[in-house]
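The structure appears below as structure tokens.
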Amino acid sequence: MENSLEILQQINWFLKPVSDFLIFMVGTTVGRVIMLLLFLFYFFITYMHSINQRKALGKGSSSYGTGFVPFQTKIYFFFRDLFAPLLKMIVHLPVVLGVIVTLGLLVGVSSALQNMQAFAENQKEIEQLGTIVKQLDKRYKVASIKVEKTDYVNKTTSLEIEYFGNSLQSPSENKQNIIIQGFDIYFDAMVLNFEYSAIQDGDKHNLVLPYRIFSEVVAAKDGIKLNYFDNDSIPLIYKREASEIYGLSAEDYNARMDDFTRLIFDEDYARKMGVRSFQGNAVHKRLAEGKIYDIWIEQTGGLVLKQATLF
Amino acid sequence: MKKSILFGIVGIVALLLVFNYLMPSCLRNQEDKILNLENVIDNLKEESNPIVFKITEKTEGTISYKVMFLDEDGNKINTIEEKIDGNELFFDFFSVKVNDKYIAFPDKIFTDAVPAANGNDLKELYNKDGFPMVFYSEKITDESKAALSDLFTKIKDPNQEIKEQFGSVVHDMHGIKSFEPGYTYKIIVHTKGGIEIIED
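Residue numbers (this note's numbering), protein chains in the order written: chain P, 1 to 311; chain E, 1001 to 1200.
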């Protein structure tokens, strides 16, 4: 695309000014007035030349010559010089037509090249905007919560939580079963949101670390810790492909952990990396027995909770 | 030979005429597409700011805060100043999908030490004659106003069932990233349902 744009620009660099000039002269009132003035100037020069020539001939032909040009002769010169160019054009009609067609072709080719250039540029913009929409509209599944049981006698809810650690959205092997007091269940996580500019380029993803469950009757500090780690104690967020974390090519766990810690605690570094906000975010709902709910992290920022069947 | 040149020229002219005649409509289509994509991006990035808050004092186990409610145009609706037990301050919102966009009603304030059920209800603080003033703007239509009032009434009634809704709480994290006394924070609601706290 870049190459074709450059080629079109190179071809059109000399055609466009000529075409613009022709369009200006023929297509605008100012241009037409200029052409008329040029013609009048040409006519005036030719006419004056004819008169002066006649005067010189008059003076030269007799020693008594005064160079006087009769009015009839002036009228004759006026019409002759006015219509001579037109008659010449009629006489040389094929050549005139050839020139007109050539100029028309030049304008047409230039206009076609400009249209092609505009088309290529628009196509490029559409692709760029499409990529931005795709990136901003993305969401990643963080966890699925299956409501095993809502016990109205003991006022508890039993859940099975399945975590999703990578962008392929495949669940981890670790599932967690939780029984908690209450029915309105809060799924709490640390969320790190990047700036739109970083997200829309596609090189960064908002990060999420689920860490506790609480409810409308269980305070957050008494909540149940979530096991959002794999068998090697690596947070599942890092089970993503290295290229999909946030543009870092960190190879090992320590480097990744250090980086995440730095993003959280080093404000200057976080700002440099394009972090917009870092916060706790709990999504919650009165969950219905037998239903599955998914928790997603949105690329525009924050968590959302939806019933699994909605997707 | 002359004939073929003539035909060639006529062909080129015809081709150029057709090309230059058709291209503007192609370009218009592209421009419409660009405009549409720009609107989609604007919608994705659209956000509102119903709450601005400030931590006035923080001691181990208590938080004093000042909360200001704002309408869509950024005008002040109401302000509260309270003290609550806990180390982490939670702002609870009720998010509902309306016309493919999520809107969020400020619901409660509680803390890590106070369960949600015992939190401070916020809904009456921005309620004016049944209308949730956080959605007020000079441009709002009577139709939207009526629909929002209706939705607000349903939200206030726990027995009412509302489709495509969930609660979303944003908070600081004690020992990791806490709200600092003296700083002002604003809560941003995204149309895709996410909620964020940004230092003002």
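Think of the CB as a built atom: it goes at the ideal place given N, C-alpha and C, for glycine as much as any other residue.
- Secondary structure in the segment 1024 to 1104 of chain E: the beta strand (DSSP E) runs of 3 residues or longer, each lying completely within the stretch, are 1047 to 1059, 1062 to 1070, 1076 to 1085 and 1089 to 1098 in chain order.
- For a cut-off of 8 Å, the C-beta gap from P:S215 to P:I180 is around 5 Å, short enough to register as a contact.
- The continuous stretches of alpha helix (DSSP H) do not include P:K146, which lies in the beta strand (DSSP E) extending over residues R139 to D151.
- At a cut-off of 7 Å between beta-carbon atoms, E:V1018 makes no contact with chain P.
- Ranking P:F83, P:I23 and P:P17 by CA distance to the CA of P:F39 puts P:F83 first.
- Per DSSP, the beta bridge partners of P:D294 are P:S144 and P:K306.
- Every alpha helix (DSSP H) of 4 residues or more that sits fully in the segment 2 to 70 of chain P is shown, in chain order, as 2 to 27 and 29 to 61.
- By the C-beta criterion, the segment 1160 to 1174 of chain E is judged to be in contact with the segment 272 to 283 of chain P, since at least 3 inter-stretch pairs fall below 8 Å.
- Minimum Cα-Cα distance from P:Y186 among the listed residues P:I224, P:I34 and P:F68 corresponds to P:I224.
- Identification of residues in the segment 1092 to 1104 of chain E having a C-beta nearer than 7 Å to some C-beta of chain P yields an empty set.
- E:I1162 and P:Q128 have their C-alpha atoms spaced approximately 38 Å apart.
- Nearest Cα to E:L1122 within the set E:K1145, E:Y1102, E:E1138 and E:F1090: E:F1090.
- P:Y140 counts as buried, since no fewer than 16 other beta carbons sit within 10 angstroms of its beta carbon.
- In the three-state DSSP reduction, E:I1012 falls in the helix class (H, G or I).
- P:Y47 sits away from P:F79, with the two beta carbons spaced by 7 Å or more.
- Rounded to whole angstroms, the gap between the alpha carbons of E:I1005 and E:V1040 is 51 Å.
- Closest in alpha carbon position to E:P1106, among E:K1154, E:T1191, E:E1196 and E:P1050, is E:P1050.
- For the segment 1119 to 1146 of chain E, no residue has a beta-carbon sitting nearer than 7 Å to a beta-carbon of chain P.
- Between P:G302 and P:A198, the beta carbon gap of about 16 Å keeps them out of contact (Cβ cut-off 8 Å).
- Close to chain E, meaning a Cβ-Cβ distance shorter than 8 Å, are the following residues of the segment 275 to 286 of chain P: R276, S277, F278, Q279, G280, N281, A282, V283, H284 and K285.
- Take the alpha-carbon of E:T1079 and the one of E:I1187: they are about 15 Å apart.
- Shown here for E:E1138: same chain residues with a beta carbon closer than 8 Å to its own, the five before and five after excluded, namely D1073 in chain order.
- Judged by DSSP secondary structure, E:F1179 falls outside any beta strand (DSSP E); it is assigned neither H nor E.
- Chain order gives the chain E residues near P:E125 as I1034, where near means a beta carbon separation below 7 Å.
- Within the segment 1123 to 1192 of chain E, the runs of alpha helix (DSSP H) that reach at least 4 residues and sit entirely inside it are, in chain order, 1142 to 1156.
- DSSP places P:G223 outside both helix and strand once states are collapsed to three, so it counts as coil.
- Between E:M1023 and P:N115, the C-beta spacing is below 7 Å.
- If you look at P:K272, you'll find it in the alpha helix (DSSP H) that goes E267 to K272.
- The C-beta separation of E:E1057 from E:P1158 comes to about 33 Å, leaving the pair out of contact by the 8 Å criterion.
- Taking a cut-off of 8 Å on C-beta distances, the segment 1134 to 1148 of chain E touches the segment 1065 to 1072 of chain E, as three or more cross pairs fall below it.
- The Cβ-Cβ distance between E:L1035 and P:G108 does not fall below 7 Å.
- Contact note: E:Q1160 does not reach chain P at a C-beta cutoff of 8 Å; the least C-beta distance is about 12 Å.
- Under a 10 Å Cβ-count criterion, E:Q1160 is classified as exposed, with fewer than 16 other Cβ atoms of the shown protein chains found around its own Cβ.
- Only residues of its own chain outside the window of five on either side were considered, and among them L5, L8, Q9 and N12 have a CB closer than 8 Å to the CB of P:Q117, listed in chain order.
- Annotated three-state conformation of P:L159 is strand, per DSSP.
- Within the segment 1072 to 1088 of chain E, contact with chain P at the beta-carbon level (separation under 9 Å) is assigned to G1086, N1087 and E1088.
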